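Single-structure report; data block below.
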Amino acid sequence: MRFLNFIKTFFRTILLHSGFSLLTLLGLSIGIAMSLLVLIYVYYEANYDRHWENSESIYRVYSYGEIGEDKIRSAVTPLPLSDVLREQEGVATATRLVPGNRKLVSSDYLKSLESYFFYADTDFFDIFEMPFLLGEPENALKDSNSVVITFSAAQRLFGQRNPLGEKLTLENGLEYIVTAMVEDVPANSHMRFDFIGNWLQVENRMRKDRTLPQAGMLDNWLYLNSYTYFKSRDTAAPSEVLHQLSIDAVQKVDAQIVASFKEADQSPGRIYLNFGIQPIHDIHLYSQVDNEMGPVANPDYIAFFTAIAFFILLITAINFMNLTTAKASRRFKEVAVRKYFGAGRRFLVYQFLTEAVVYSFVALFVALVLVELLLPGFNTVFGIGMTSTGFIQQPDTIWILVITMLLGVLSGSYPALFFSGLKPHLAINGVMKVKKWGVVMRGLLVSFQVILSISLIVLSLGMYGQWRFLEDAPHGFDDQDAVVLEWGSMDREGLRNVKSELKSSEHVNAIGMAEYAPGDDPSVISFRSSGDSSQVVLLAVNYVDSGYFDAMDVTFVKGGVWEAETDSDKAQVVINAAAARFLGYDKNEQLTLELVGGRSTEEPYMYTVAGVIEDLAFAGVKEAVRPMIFLQESASNRAEHLIVGFNSGTLEKGVEELNRVWKNEVPDRAIKLKYLSEIKADFYSEERRFANIATMFSLLALVLTIFGKIGMAAFVVQYHQKHIFIRSLMAAPFIHLLEYGLRGYWVYILFGMAVGLPVSSFLLHVWLSGFELAYVPDWTTYLLPILVLCLTSALVAYFAGGREIKKEAYS
Amino acid sequence: MSGNGHKVYDFEHFHMIHTRNLVKGYRSHEVETPVLINVNIDIGDGEYVAIAGPSGSGKSTLFNILGLLEQPDQGELFFRGREVSVLSDRYRIKLRRGHIGYVFRQFNLVDELTVAENVELPLLYMSLSRKQRKEMVMESLFRFKLDHIRKSFPRQLTGLQQQVTALARATVFNPSLLLADEPTGNLNSTGGNEILELLSAVNETGTTVVIFTNSMQDAQKTQRIIQLFDGHVVTDMGQKGN
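As given, the protein sequences belong to chains B and R, one line each in that order. For the first sequence, the residue numbers in numbering that gives the first Met the number 0 are 0 to 810. For the second sequence, the residue numbers in numbering that gives the first Met the number 0 are 0 to 241.
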């Protein structure tokens, strides 16, 4: 049909004018590939937790309230909450998920330090339905000693053996039998676990032995330490569940507050606690609570990336219009002939739209190949694990075809109108002149591209600047020449042996033990100041030894570390400056703190503050420093890390030594160590990630802008065609022709730069205003993009423009 | 005159073309240059006519006006009895489609299409099935002895072959009028003669053929010569009476 004729002409045009056509196709393909990658990323982020069966009826309960001056919004909830939840009419089933410490897990064959051991109620897998590789979901957590493990955990602990029925021993003495193996939790889930052990075993143990430190939390409504999920009944409105839950649970909370504070005959200050619910798929993008299991994303970034994808497509379409009509005269004859023989405007519009759509689909094919090739690199830059197949198999990816179609129509609209409006008798004799408004239109499109390029380059330079600025900000500890050794929560003897072995090393400068290393999320306990008993404050608690402060190289602003680690001095503690400010501790008097939460005995724990350290940015400087208390580590407590500070410049040798000592002392376990500098860099991984992404996009925008400029140069030369020819007849030198032939080209580029600078400065400031600590961009941030754009514009003018001029002048 | 708003040329037999006082000029930079001045021409069905004149005599403008590509500034143009100078672009395209064939001095074949595809091009815009188009193309290719090069592209052909292809394209749909603008201008004398013979053969099938030329030698091979000079019709030799 006619359609086939169009397609035939299209492919032959490509073959006949391969250089320019390939440039056009390449521009389209790159644009589509990049937009696709961004859309795959947006899709990935927007589909967190959609992989669970019936994910739309799964909800998580979170806590909010106030304790004294502290506002709480936390993903963790009290342990007794799930019982109240189960009684609600609209709730089909509920479960708790209790995070366990990082611990050494042993099978009969292998040992491994595991960070993702969780405990849950029997009905966990009724809510989180996932593929079982071995075992049955119904019986998976039936017995109190059953545990379900993931495929990768099974590989670490059993190698190639079948794990079903095998025993796992935890270093806290609990024993579990593997009853099922599931697939690893997909990367786009808000939770990640490797083991789900039945909580009942832990609970039974606590009920039997009330002296255990955690026993007090079992029925305590003020102890927030477990995640609570429920599945709603089909008929139930979640708002009703929430309403009734608030009434029932708050009653219990209030009763607990009265009971806790009545004994001591003290006013509790202002305390309240309530609960909210959130659909599980909203957690990743919209949850704004503390104590999340993993990092959550900022929905603004998703909007930002969607906008980027849109702009890339827009630039791509502009380039297409620009490049297909830049060599317009080449097709004048064909269009004129078609018009002579009766092709109306409609036919020609149809022809050029068909061409553009076919171009887009060919480009889509090339783009899909590019996506497949680029995805691994892209995953590294974005720090995630996307697959194109996962994306492409989704039914809603039919939108890719729709978008490609629209892109084709959009790109083809200008050529279609441009060509169909030609006067055939003028075009056929070459009398047709490139019009001034055509130059202006293209010029403005190129200006727009320049504005976008400058904005993206300035933004990415700004993002890099901000990232470096945050990393270089004072953190209250020295991250150079220090490493953190992960141990686990049991067998402290082994850890002490490693420590004393290392102490004698000539490279080691200081060595300390700590429950939490920077980057960990320390548990929070409420204290009361002895000076002001009406105030309850929440302090992050870290158990450390006296060497910790030296190993971290922290500065004391008042007092110092406890003198000796004897039993009588156990009550001495160190707090950070934030805690001192919080407690109003700025006089030289003695400060005593009383532990409020989590008591399992009647005897109150009292602590004396021995020293105050400078604020320690435990989670980086992006967040306000939490008030923190450092308690003395002891055998019954839980130092899980060794922090080793080496003498300056001996880090490498020191780490070698550390490995050697580890091999001697702990031959059956692999060493797990992290450089403190690495931990610090991780605080800003998001900034680094976005700086990388922005850089990638700015490079892309730059490439697409170059394409746009090539089209513009070719068009401007055509506009000056006659004058170039006449001047060349008069033997004008090439450089003169170049200067003349590209008149107008620079105007639009300079205009784009002039508008782009204030626009980019504004965007950068908007972005930086989202940070509490932000750097001040200097003039180099703006100079570099200008230089890059000038250079690329000059190269395009010389090579692409020059080539066209030679053709016009000497042919 | 008819009563439907369009004037109808009131003869016992309609002429293919009838013009009355055609005037056309071009304006550039405030200077009006007259190109055609009061041109009156009648061309009957089945005639073989040459419109001859030197460069600048207004031939090309007349070609465009008679070919329904340009509108005259003043005067009337009747095509098969219907006044067309007042019609909109859309109607004139409809009239051109399937009725008028064009041959140019520069051949103007579409470089990206083969000989057969070039010949098929006018048929694409007519309501014809693929089969009908194919048959018509083949018939035309055989008629002009182009079948052996039907898959070649224009750049692979001689000038004569290109012009024959253009002629095949212009006549594949059996137009009632064929306009040829200096059809021999880009050919040597042998090639030129061959094209004129083919044009004569096309005329013998009933198509009205009008060639625009500055060569009196070419013009003399037609049945009637209308001479243009500075926009005026100066002589009209061999007009048949109506």
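By construction, the Cβ of each residue, glycine as well, lies at the ideal position given by its N, Cα and C atoms. As the structure is a computational prediction, the values presented were derived from the model and not from experiment.
| task | Answer with yes or no whether the minimum CB distance from LEU21 (chain B) to chain R is below 8 Å. | result | As a position in the first sequence, residue 21 (chain B) is number 22, starting the count at 1. Chain R contact via Cβ: absent.
| request: With 8 Å as the C-beta to C-beta threshold (strictly closer), list the residues of the stretch 107 to 118 of chain R near chain B in chain order. | output: ASN107, LEU108, VAL109, ASP110, GLU111, LEU112 and GLU116
| message | Between the alpha carbons of LYS141 (chain B) and ASP233 (chain B), how many angstroms are there, rounded? | response | On the first sequence, residue 141 (chain B) is found 142 positions in, with the first residue counted as 1. On the first sequence, residue 233 (chain B) is found 234 positions in, with the first residue counted as 1. Using only the alpha carbons, I get a separation of about 25 Å.
| task | Could you give the DSSP three-state label for LEU112 (chain B): helix, strand or coil? | result | Within the first sequence, residue 112 (chain B) is the residue found at index 113, counting from 1. If DSSP states are grouped into helix, strand and coil, LEU112 (chain B) belongs with the strands.
| task | Quick one: residues in its chain with C-beta nearer than 6 Å to the C-beta of ILE678 (chain B), no 5 flanking neighbours on either side, listed in chain order? | result | For the purposes of this step, residue 678 (chain B) is taken as residue 679 along the first sequence, with counting starting at 1. Excluding sequence neighbours, ILE678 (chain B) sits near PRO517 and GLY518.
| Every unbroken alpha helix (DSSP H) inside the stretch 631 to 667 of chain B [4 residues or more] | 650 to 664
| request: Can you say whether VAL765 (chain B) is buried or exposed, counting buried as having 16 or more other CB atoms within 10 angstroms of its CB? | output: As a working note, residue 765 (chain B) is residue 766 in the first sequence. Result: exposed.
| task | Name the residue from B:ASN297, B:MET320, B:GLY134 and B:VAL146 whose alpha carbon lies nearest to the alpha carbon of THR121 (chain B). | result | Walking along the first sequence from the start, residue 121 (chain B) turns up at place 122. THR121 (chain B) has its Cα closest to that of B:VAL146, out of B:ASN297, B:MET320, B:GLY134 and B:VAL146.
| message | Can you list, in chain order, the residues of its chain with a C-beta nearer than 8 Å to that of PHE364 (chain B)? Leave out the 5 residues immediately preceding and following it. | response | Numbered from its first residue, the first sequence carries residue 364 (chain B) at position 365. Closer than 8 Å at the Cβ level, and outside the excluded window around PHE364 (chain B), lies no residue.
| field | Uninterrupted alpha helix (DSSP H) stretches inside the stretch 728 to 769 of chain B (no shorter than 4 residues) | value | 733 to 740 and 744 to 767
| said: I need the straight-line Cα distance from LEU367 (chain B) to LEU36 (chain B), nearest angstrom please. | reply: By one-based count along the first sequence, residue 367 (chain B) stands at place 368. By one-based count along the first sequence, residue 36 (chain B) stands at place 37. Spanning the two alpha carbons is a distance of roughly 10 Å.
| First and last residue of the uninterrupted alpha helix (DSSP H) at LEU27 (chain B) | Counting from one through the first sequence, the residue named residue 27 (chain B) turns up at place 28. Looking at the DSSP string, the run of the alpha helix (DSSP H) that includes LEU27 (chain B) is 17 to 45.
| field | Buried or exposed by the 16-neighbour rule on C-beta atoms within 10 Å, applied to ASN138 (chain B) | value | Start at 1 with the first residue of the first sequence, and residue 138 (chain B) comes out as number 139. That one is exposed.
| task | Kindly indicate which three-state DSSP category SER503 (chain B) falls into: helix, strand or coil? | result | Reading the first sequence from its first residue, position 504 is the one you call residue 503 (chain B). Note: SER503 (chain B) maps to coil in three-state DSSP.
| request: Kindly say whether PHE340 (chain B), judged by its beta-carbon, lies nearer than 8 Å to any beta-carbon of chain R. | output: As a first step, residue 340 (chain B) is located in the first sequence; it is residue number 341 there, counting from the start. So yes, PHE340 (chain B) belongs to the interface.
| message | So the candidates are B:GLY710, B:ALA513, B:GLY158 and B:LEU737; which of them puts its Cα closest to the Cα of SER633 (chain B)? | response | As a first step, residue 633 (chain B) is located in the first sequence; it is residue number 634 there, counting from the start. The shortest C-alpha separation from SER633 (chain B) is found at B:ALA513.
| said: With a threshold of 8 Å between beta carbons, is TYR101 (chain R) in contact with chain B? | reply: Numbered from its first residue, the second sequence carries residue 101 (chain R) at position 102. Yes - at least one Cβ of chain B is within 8 Å of the one on TYR101 (chain R).
| Does TYR124 (chain R) get closer than 8 Å to chain B when you measure Cβ to Cβ? | Mapped onto the second sequence, residue 124 (chain R) falls at position 125. Answer yes: the Cβ-Cβ gap between TYR124 (chain R) and chain B drops below 8 Å somewhere.
| task | Just the chain R side, please: which residues come within less than 7 Å of VAL357 (chain B) by C-beta, in chain order? | result | The count along the first sequence starts at 1 and reaches residue 357 (chain B) at position 358. Chain R residues near VAL357 (chain B): none, gap ~14 Å exceeds 7 Å.
| request: Establish whether the CB of LEU227 (chain R) and some CB of chain B are separated by less than 8 Å. | output: On the second sequence, position 228 is the one that residue 227 (chain R) refers to. False, the Cβ-Cβ gap to chain B never drops below 8 Å.
| query | Per DSSP, what kind of secondary structure is GLU686 (chain B) in: helix, strand or coil? | reply | The sequence position of residue 686 (chain B) within the first sequence is 687, counting from 1. Note: GLU686 (chain B) maps to helix in three-state DSSP.
| message | Using a Cβ-Cβ cutoff of less than 6 Å, which residues in the same chain neighbour TYR61 (chain B) once the five nearest sequence positions on both sides are dropped? | response | Within the first sequence, numbered from 1, the residue matching residue 61 (chain B) stands at position 62. Within the same chain, TYR61 (chain B) has close Cβ partners ALA74, GLY275 and VAL288.
| Contact check, LEU406 (chain B) vs LEU312 (chain B), beta carbons under 8 Å | Numbered from its first residue, the first sequence carries residue 406 (chain B) at position 407. Numbered from its first residue, the first sequence carries residue 312 (chain B) at position 313. In contact: LEU406 (chain B) and LEU312 (chain B) (Cβ atoms closer than 8 Å).
| For ALA169 (chain R) versus VAL102 (chain R), is the C-beta spacing smaller than 8 Å? | Here residue 169 (chain R) refers to the residue found at position 170 when the second sequence is read from its first residue. Here residue 102 (chain R) refers to the residue found at position 103 when the second sequence is read from its first residue. Result yes, Cβ atoms of ALA169 (chain R) and VAL102 (chain R) sit closer than 8 Å.
| said: Tell me which residues share the same chain as PRO98 (chain B) and place their Cβ nearer than 7 Å to its Cβ, disregarding the 5 neighbours each side in the sequence. | reply: For the purposes of this step, residue 98 (chain B) is identified with residue 99 of the first sequence, where counting begins at 1. PHE117, listed in sequence order.
| task | Please report the Cβ distance between PHE706 (chain B) and ILE612 (chain B), rounded to the nearest whole angstrom; I am assuming they are in contact, meaning their Cβ atoms lie under 8 Å. | result | Start at 1 with the first residue of the first sequence, and residue 706 (chain B) comes out as number 707. Start at 1 with the first residue of the first sequence, and residue 612 (chain B) comes out as number 613. 57 Å between Cβ atoms; not a contact.
| said: Quick check: is the beta carbon of ILE92 (chain R) nearer than 8 Å to any beta carbon in chain B? | reply: For the purposes of this step, residue 92 (chain R) is taken as the residue at position 93 of the second sequence. ILE92 (chain R) counts as touching chain B.
| query | Whose Cβ in chain R lies nearer than 7 Å to the Cβ of ILE723 (chain B)? | reply | In the first sequence, the residue the question calls residue 723 (chain B) occupies position 724. Those within 7 Å of ILE723 (chain B) in chain R number zero; the least Cβ separation is about 22 Å.
| query | What residues from the stretch 22 to 43 of chain R come within 9 Å of chain B, judged by C-beta to C-beta, listed N to C? | reply | none
| query | Quick one: what does DSSP say PHE78 (chain R) is sitting in, helix, strand or coil? | reply | Residue 78 (chain R) sits at position 79 when you count from the first residue of the second sequence. In this structure, PHE78 (chain R) counts as strand in the three-state DSSP scheme.
| task | Assuming GLN448 (chain B) and LEU703 (chain B) form a contact by the criterion Cβ under 8 Å, report the distance between their Cβ atoms to the nearest whole angstrom. | result | Here residue 448 (chain B) is taken as the residue at index 449 of the first sequence, counted from 1. Here residue 703 (chain B) is taken as the residue at index 704 of the first sequence, counted from 1. Confirmed, Cβ separation roughly 7 Å.
| Which first and last residues belong to the alpha helix (DSSP H) in which ILE427 (chain B) is found? | In the first sequence, residue 427 (chain B) corresponds to position 428, counting from 1. Note, ILE427 (chain B): premise wrong, no alpha helix (DSSP H); not H, not E.
| task | Consult DSSP for GLU771 (chain B) and reduce its assignment to one of helix, strand or coil. | result | On the first sequence, residue 771 (chain B) is found 772 positions in, with the first residue counted as 1. Coil.
| message | Relative to the C-alpha of VAL380 (chain B), which candidate in B:PRO521, B:GLU685, B:ARG527 and B:ASP299 has its C-alpha closest? | response | Translated into the one-based positions of the first sequence, residue 380 (chain B) becomes position 381. Among B:PRO521, B:GLU685, B:ARG527 and B:ASP299, the Cα nearest to that of VAL380 (chain B) is on B:GLU685.
| request: Run through the stretch 225 to 293 of chain B for me and flag every whole beta strand (DSSP E) of 3 or more residues, listed as ranges in chain order. | output: 270 to 278
| said: Counting C-beta neighbours from all protein chains within 10 Å, is the total for GLY800 (chain B) 16 or more, i.e. buried, or is it exposed? | reply: To locate residue 800 (chain B), count along the first sequence from 1; it is residue 801. Per the 10 Å Cβ criterion, buried.
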